[in-house]
Amino acid sequence: MIAVPFILALSLSLPPLLEDRCFSCHGEDKVEGGFDLRQPLSASQWQRAIAQVEREEMPPNANPSPAERQEILTWLEQTAASSPPTARPSVPRFARLTREEYSRSVAKLLGIDLRPGDLLEPDPPGVSGFTNDADALQVTPSQATKYLEAAERAIQGWLALGQPGIANHFEAESMDRSSSHLKEFDHGMLFATEPQVISATVEIPVDGYYEIRCHGSTMGKPTRLQILDGTEPVTSVPVTHARPGITTHRIPILLRQGWHTLSFHQPSLVPQASLPRDADRVMNQRAARNRMKVPELPAGATAAQIEGRRALEEKCLYLQQAFEWLFAYGTQGDPRDIVRFRDYATERVEAERQTRQRYAREILKTDPAEFNRVWEELNGPILRGYEAHLRQIAGIKWMDWTKSQGQLYLDWIEIAGPVVPAGSMPLPARGLNLEDFARKAWRREITGKEFEAYQRLEPSLALAAVLASPRFVFRDNLDPSVRLSYFLHGGPPETAAIDRPAIRKLIAAPEFAGALAAFTGQWLGTAPLGITVMPDEYRFPAYKRHVALAAREEPVQFLLRLVREGRSLRELLDSDWTMANAPLAAFYGWPVSKNGDWQPVSLPDRRRGGLLGMSAVLTTTSSALRTTPVARGKWVWETLLGRNPGTPLPDAGVLPAMAGEEGLTLREELERHRADPRCQRCHEKLDPIGLSLENFDAVGAWREASAGKPIDATGKFFRGAAFSGPEGLRTELSKYEDEFLDQLIRKLLAFAHGRPCDDEGIWIREIAARVRADQWNAATLFEEVAVNLVENGPDP
Numbered sequence: 000m001i002a003v004p005f006i007l008a009l010s011l012s013l014p015p016l017l018e019d020r021c022f023s024c025h026g027e028d029k030v031e032g033g034f035d036l037r038q039p040l041s042a043s044q045w046q047r048a049i050a051q052v053e054r055e056e057m058p059p060n061a062n063p064s065p066a067e068r069q070e071i072l073t074w075l076e077q078t079a080a081s082s083p084p085t086a087r088p089s090v091p092r093f094a095r096l097t098r099e100e101y102s103r104s105v106a107k108l109l110g111i112d113l114r115p116g117d118l119l120e121p122d123p124p125g126v127s128g129f130t131n132d133a134d135a136l137q138v139t140p141s142q143a144t145k146y147l148e149a150a151e152r153a154i155q156g157w158l159a160l161g162q163p164g165i166a167n168h169f170e171a172e173s174m175d176r177s178s179s180h181l182k183e184f185d186h187g188m189l190f191a192t193e194p195q196v197i198s199a200t201v202e203i204p205v206d207g208y209y210e211i212r213c214h215g216s217t218m219g220k221p222t223r224l225q226i227l228d229g230t231e232p233v234t235s236v237p238v239t240h241a242r243p244g245i246t247t248h249r250i251p252i253l254l255r256q257g258w259h260t261l262s263f264h265q266p267s268l269v270p271q272a273s274l275p276r277d278a279d280r281v282m283n284q285r286a287a288r289n290r291m292k293v294p295e296l297p298a299g300a301t302a303a304q305i306e307g308r309r310a311l312e313e314k315c316l317y318l319q320q321a322f323e324w325l326f327a328y329g330t331q332g333d334p335r336d337i338v339r340f341r342d343y344a345t346e347r348v349e350a351e352r353q354t355r356q357r358y359a360r361e362i363l364k365t366d367p368a369e370f371n372r373v374w375e376e377l378n379g380p381i382l383r384g385y386e387a388h389l390r391q392i393a394g395i396k397w398m399d400w401t402k403s404q405g406q407l408y409l410d411w412i413e414i415a416g417p418v419v420p421a422g423s424m425p426l427p428a429r430g431l432n433l434e435d436f437a438r439k440a441w442r443r444e445i446t447g448k449e450f451e452a453y454q455r456l457e458p459s460l461a462l463a464a465v466l467a468s469p470r471f472v473f474r475d476n477l478d479p480s481v482r483l484s485y486f487l488h489g490g491p492p493e494t495a496a497i498d499r500p501a502i503r504k505l506i507a508a509p510e511f512a513g514a515l516a517a518f519t520g521q522w523l524g525t526a527p528l529g530i531t532v533m534p535d536e537y538r539f540p541a542y543k544r545h546v547a548l549a550a551r552e553e554p555v556q557f558l559l560r561l562v563r564e565g566r567s568l569r570e571l572l573d574s575d576w577t578m579a580n581a582p583l584a585a586f587y588g589w590p591v592s593k594n595g596d597w598q599p600v601s602l603p604d605r606r607r608g609g610l611l612g613m614s615a616v617l618t619t620t621s622s623a624l625r626t627t628p629v630a631r632g633k634w635v636w637e638t639l640l641g642r643n644p645g646t647p648l649p650d651a652g653v654l655p656a657m658a659g660e661e662g663l664t665l666r667e668e669l670e671r672h673r674a675d676p677r678c679q680r681c682h683e684k685l686d687p688i689g690l691s692l693e694n695f696d697a698v699g700a701w702r703e704a705s706a707g708k709p710i711d712a713t714g715k716f717f718r719g720a721a722f723s724g725p726e727g728l729r730t731e732l733s734k735y736e737d738e739f740l741d742q743l744i745r746k747l748l749a750f751a752h753g754r755p756c757d758d759e760g761i762w763i764r765e766i767a768a769r770v771r772a773d774q775w776n777a778a779t780l781f782e783e784v785a786v787n788l789v790e791n792g793p794d795p
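With numbering that gives the first Met the number 0 as the guide, the letters of the sequence shown map in order to residues 0 to 795.
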């Protein structure tokens with residue numbers, strides 16, 4: 000009823016300027032970006048249009064005068080103000096628990112976290128971008144079956160805590176060995192190198208925590224013991240007790256019901272580069288392709304000249320071979336290998352230089368200075384790449400690692416449980432009343448009639464049925480305390496209080512960190528890192544899974560400190576500190592603290608700082624093999640600023656996987672790609688931003704060169720100022736801090752309400768004003784969004 004008169008009014012009021020500059024792309028011949036001037040549009044669509052005209056992104060192909068641009072803006076603002084409000088959904092949203100919320104809800108009820116949500120199907124992200132988007136959380140028949148299975152296994156694991164468990168004992172010398180070189184020593188096993196593994200296969204009766212007891216010590220200096228479940232690393236613990244003494248290490252781990260092969264070995268503390276099996280052939284091929292080029296000889300060259308040119312080509316090939324190995328080892332490989340090939344490279348640089356001088360002076364009979372000028376024109380980028388990489392590895396020293404790591408000795412191993420892990424207080428099973436259990440699980444009073452079917456079930460199945468019931472799986476969104484607790488804690492409430500003191504108490508509680516992690520990982524897109532997203536192991540051997548998981552946690556710990564200490568949200572864009580633990584600090588090349596826990600670290604320079612310098616962001620916006628400047632630019636536009644850079648055309652094409660490594664640099668490949676008009680409209684916005692971050696490789700490690708060529712990290716914002724490197728990009732982004740704050744509020748509101756909040760402009764402006772008034776205080780942001788959730792939910 001509203002649309003027809005609105006369209007009629009709109010068509011009558013459309014000024015000639017908009018008909019000329021806008022209507023052909025947004026209503027007449029086509030509809031770009033979903034913005035159709037013939038249809039009623041949402042508040043967020045009008046606001047995006049206004050912002051794009053203000054930023055001179057629109058109209059794209061015609062540059063209106065300041066007066067014309069103001070005329071367009073005035074019409075857009077007046078039309079937006081008079082357009083009908085966007086109606087909220089009329090269908091009630093029933094909020095199903097996500098996998099994480101289900102695990103936390105069961106853990107709070109049973110007093111022990113057995114992670115039953117991990118057994119459920121993955122939650123798809125909704126339109127809001129978050130997995131708690133109510134419209135995306137459907138329950139299929141297969142999911143219903145999974146809920147019952149997860150509930151049964153959680154109940155079985157909880158009930159087993161009061162029963163006798165398993166206690167399997169293995170003498171180390173009787174366990175399976177990975178190598179015949181692994182020999183017995185003093186009624187146990189002494190490990191010499193990393194491939195040496197002993198293992199045992201055990202049957203785990205129920206899901207639960209089992210204590211792995213390892214009786215052993217180290218021969219000489221401290222070392223480490225690593226435990227694997229199948230092929231997956233479970234934990235790694237320090238072994239510091241030196242022989243002839245011995246101690247028992249007790250390590251609780253969560254194991255699922257079924258058969259498990261547990262392996263035990265000593266990881267090498269020497270950094271290792273994972274090279275291809277046929278590394279010699281691969282390096283030789285790369286060297287032949289990437290070596291410096293010798294100028295062609297003119298027709299009629301003498302035999303001496305031909306032989307001299309061949310000799311110089313050979314020196315170039317030998318030199319490139321040394322550098323290909325250095326490129327493969329990077330900065331994180333075995334220091335002994337890096338030093339060895341660095342020495343080779345240094346010697347061969349000098350050998351190539353002397354051969355080149357003799358070739359010019361004695362064989363070509365030309366001025367060596369003139370020949371060097373031609374050589375520089377032909378091979379300058381390769382030479383500068385050599386110099387840049389040698390600078391990167393200049394500080395690496397050869398070390399005798401046998402003097403810094405002892406040998407692991409294991410006498411015996413026991414696997415016992417299930418046990419109660421530290422910090423858990425399981426609900427007592429003895430004397431438990433089923434109806435009381437259901438009342439607590441469903442968070443409301445129950446009637447006898449609705450509970451009759453449960454009372455007819457076998458007790459353990461009845462308990463599981465309570466946890467698989469829709470009354471538990473779907474939360475009560477009408478209760479503001481439930482909405483508030485699931486937003487700030489990701490689990491059910493302990494109190495009905497919903498005032499500001501209660502909100503501040505929820506934010507100060509330890510459980511807030513888990514909910515913050517869920518928001519941060521999905522907002523930034525870093526949640527899959529270390530789980531389903533990993534870089535290529537041969538390209539980035541130092542980026543092990545434990546490093547990836549630490550990188551994923553860095554932005555969470557960073558934002559947590561901002562909230563806990565009431566620091567400025569501006570630090571998300573630029574800061575002189577970050578958070579790091581031992582694995583992440585070692586990866587970044589920083590000193591590792593004694594305890595290795597998460598703590599603030601002052602940054603040594605301006606390379607890192609804020610989100611843009613964090614490995615998690617840089618890795619998840621890269622491919623497994625190389626950086627992806629387009630994805631990094633898109634991430635800045637969409638995630639930080641909330642802008643839509645446009646949708647690629649179906650026939651726009653893609654860059655090859657090895658772009659930037661076979662002749663042209665990645666910048667040159669993108670320039671050629673951008674020359675195609677079909678590609679230009681998106682790439683002219685995204686490429687310059689992404690290329691300014693090229694000093695960070697695909698895992699966020701700093702580099703001066705790529706594929707032997709110096710990196711050009713200059714960039715510019717679309718129709719904005721030019722800048723260079725991540726420092727320049729952060730400076731430029733600070734000019735758009737209000738857009739960033741609005742986008743952060745928009746995403747946090749969506750996470751809190753479980754639906755998109757793009758059209759809630761009034762909410763966003765009110766919260767932004769309060770946050771700015773409080774010096775961009777991060778704690779204020781979360782408090783104001785929580786108040787908004789209490790006062791404005793749920794949808795009808």
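Backbone N, C-alpha and C fix where the C-beta goes; we use that ideal spot for every residue, glycine too.
These numbers were taken from a predicted model, which means no experiment stands behind them.
For ARG290, which residues in the same chain have their Cβ closer than 6 Å to its Cβ, ignoring the five residues on either side in sequence? Within the same chain, CYS315, LEU316, GLN319 come within 6 Å of ARG290 by CB-CB distance, once the 5 residues on both sides are set aside.
Run the CB neighbour count on ILE761, radius 10 Å, all protein chains shown included, and call it buried at 16 or more, exposed below. A residue is called buried once 16 or more other Cβ atoms fall within 10 Å of its Cβ, and ILE761, having fewer, is exposed.
Using the Cβ count rule (16 or more neighbours within 10 Å means buried), how would you classify PRO628? Here PRO628 is buried: its Cβ has 16 or more other Cβ atoms, across all protein chains shown, within 10 Å.
Just to confirm the assignment, what range does the alpha helix (DSSP H) spanning GLN521 have? It spans 511-523 - the alpha helix (DSSP H) in which GLN521 sits, taken as one unbroken run.
Return the CA-CA distance between SER89 and LEU732, expressed in angstroms with no decimal places. Legend: pLDDT at SER89 = 45, less than 50; position of this residue unreliable, value from coordinates given subsequently. Straight-line spacing of the CA atoms in SER89 and LEU732 works out to 39 Å.
Measure the CB-CB distance between GLY608 and SER574 and report whether it falls below 8 Å. With contacts defined as CB atoms closer than 8 Å, GLY608 and SER574 qualify as a contacting pair.
Helix, strand or coil at LEU189 [DSSP, three-state]: The answer is strand: DSSP assigns LEU189 an E or B state.
Report all residues from its chain with a CB closer than 6 Å to the CB of THR97; omit the five preceding and five following residues, and keep chain order. The residues are ASP122, THR130, ASN131.
Outcome for ARG280 when other beta-carbon atoms lying within 10 angstroms are tallied against a minimum of 16: Classification for ARG280: exposed.
At what residues does the beta strand (DSSP E) containing LYS746 begin and finish? No beta strand (DSSP E) contains LYS746, which is instead part of the alpha helix (DSSP H) from 736-752.
Within this structure, are the beta carbons of ALA463 and TYR453 separated by less than 8 Å? Contact: no.
Report the CB separation of VAL238 from LEU224 in whole angstroms; it is logged as a contact under 8 Å. Contact flag correct, Cβ pair sits at about 5 Å.
Residue range of the beta strand (DSSP E) that includes VAL201: First-last of the beta strand (DSSP E) with VAL201: 196-203.
Just how far apart, CA to CA, sit GLY116 and ARG255? Using only the alpha carbons, I get a separation of about 13 Å.
Return yes when the Cβ of SER262 is within less than 8 Å of the Cβ of SER198, no when it is not. One thing to note: SER198 has its Cβ within 8 Å of the Cβ of SER262.
Reduced DSSP secondary structure (H/G/I, E/B, other) of ASN371: For ASN371, the secondary structure class from DSSP, reduced to helix, strand or coil, is helix.
Considering only the alpha carbon of each residue, which of ARG560, THR73, GLU376, GLU413 lies closest to ASN167? Checking every option, the nearest Cα to that of ASN167 belongs to GLU413.
According to DSSP, residues forming a beta bridge with PRO599: Residue pairing by DSSP places PRO599 opposite MET578 in a beta bridge.
I'd like to know whether the C-beta atoms of HIS248 and PHE190 end up nearer to each other than 8 Å. Contact: no.
In chain order, what residues of the same chain lie with their CB nearer than 8 Å to the CB of PRO140, ignoring the 5 residues before and after it? Here the set comprises nothing.
Note the first and the last residue of the continuous beta strand (DSSP E) segment covering LYS364. Here LYS364 belongs to no beta strand (DSSP E), and DSSP marks it neither H nor E.
Going by C-alpha to C-alpha distance, which of THR222, GLY384, ARG538, ALA159 sits closest to PRO275? Per the Cα distances, ARG538.
Taking only the alpha-carbon atoms, compute the straight-line gap between HIS545 and GLN284 and give it to the nearest angstrom. For HIS545 and GLN284, the distance between alpha carbons rounds to 33 Å.
Between the segment 343-359 and the segment 301-316, can you find at least three pairs of beta-carbon atoms closer than 8 Å? Yes, they touch.
Cross-strand partners of TYR209 (DSSP beta bridge): Per the DSSP secondary-structure output, TYR209 pairs in a beta bridge with ILE252.
Run of the beta strand (DSSP E) containing ALA496, from where it starts to where it stops: Taken as a continuous stretch (DSSP letters only), ALA496 belongs to no beta strand (DSSP E), as it is neither H nor E.
So, THR519 versus VAL465, is the Cβ gap smaller than 8 Å? Against a cut-off of 8 Å, the Cβ pair of VAL465 and THR519 comes out as no contact.
Distance check for GLU738 and PHE511, CA to CA, integer angstroms please. One C-alpha to the other measures close to 26 Å.
Note down the Cα distance separating ALA133 from GLU120, rounded to an integer number of angstroms. Taking the Cα positions, ALA133 is about 16 Å away from GLU120.
Could you tell me the distance, in whole angstroms, from the CA atom of VAL236 to the CA atom of LEU227? As the crow flies, the alpha-carbon of VAL236 is around 12 Å from that of LEU227.
State the start and end residues of the unbroken alpha helix (DSSP H) segment that holds THR619. Unbroken alpha helix (DSSP H) run through THR619: 614-619.
Counting along the chain, where does the alpha helix (DSSP H) carrying TYR101 start and finish? For TYR101, the enclosing alpha helix (DSSP H) begins and ends at 98-109.
Exposure label - ALA143; buried when at least 16 CB within 10 Å: Result: exposed.
As assigned by DSSP and simplified to three states, the class of ASP801: Beyond the ends of the chain as shown, which are 0 and 795, falls residue 801; an answer cannot be given.
8 Å Cβ cutoff met for SER479 and VAL269: One point to set straight first is that residue 479 is Pro, not Ser, in the sequence displayed. Contact flag unset, no.
To which residues of the same chain is TRP775 closer than 7 Å at the C-beta, ignoring the five residues directly before and after it? Taking C-beta separations shorter than 7 Å and ignoring five residues to either side along the sequence, the partners of TRP775 in its chain run SER567, LEU568, ARG569, following chain order.
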